[in-house]
């Protein structure tokens, strides 16, 4: 598959998405792009900040988090 074929395939899939899915994909794409730019940000964090993030991830993985659907905005 050429780069042009791949771009066309991606475009067609994105073009067929409904608005809410398109917005979701946009968020994922921006996070992906920015994540690669800011890969060294972890090293800039203090030990306390790093531990806070690790603790939060562990809480979520153990089921202590609040599902997005239950949050009220």
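In this note's numbering, the protein residues as written are 1218 to 1290. Backbone N, C-alpha and C define an ideal beta-carbon position, used for all residues, glycine too.
Cβ atoms of residue 1225 and residue 1231: under 8 angstroms apart, would you say? Reading the chain shown from its first residue, position 14 is the one you call residue 1231. Reading the chain shown from its first residue, position 8 is the one you call residue 1225. No. Outside cutoff.
Cα-Cα separation, residue 1222 to residue 1261: One-based indexing of the chain shown puts residue 1222 at position 5. One-based indexing of the chain shown puts residue 1261 at position 44. Approximately 40 angstroms, taken between the alpha carbons.
Where do the ends of the alpha helix (DSSP H) carrying residue 1221 lie? The count along the chain shown starts at 1 and reaches residue 1221 at position 4. Segment 1220 to 1232, the alpha helix (DSSP H) holding residue 1221.
Are the Cβ atoms of residue 1276 and residue 1282 separated by less than 8 angstroms? Your numbering for residue 1276 matches position 59 in the chain shown. Your numbering for residue 1282 matches position 65 in the chain shown. In this structure, residue 1282 lies closer than 8 angstroms to residue 1276 by Cβ.
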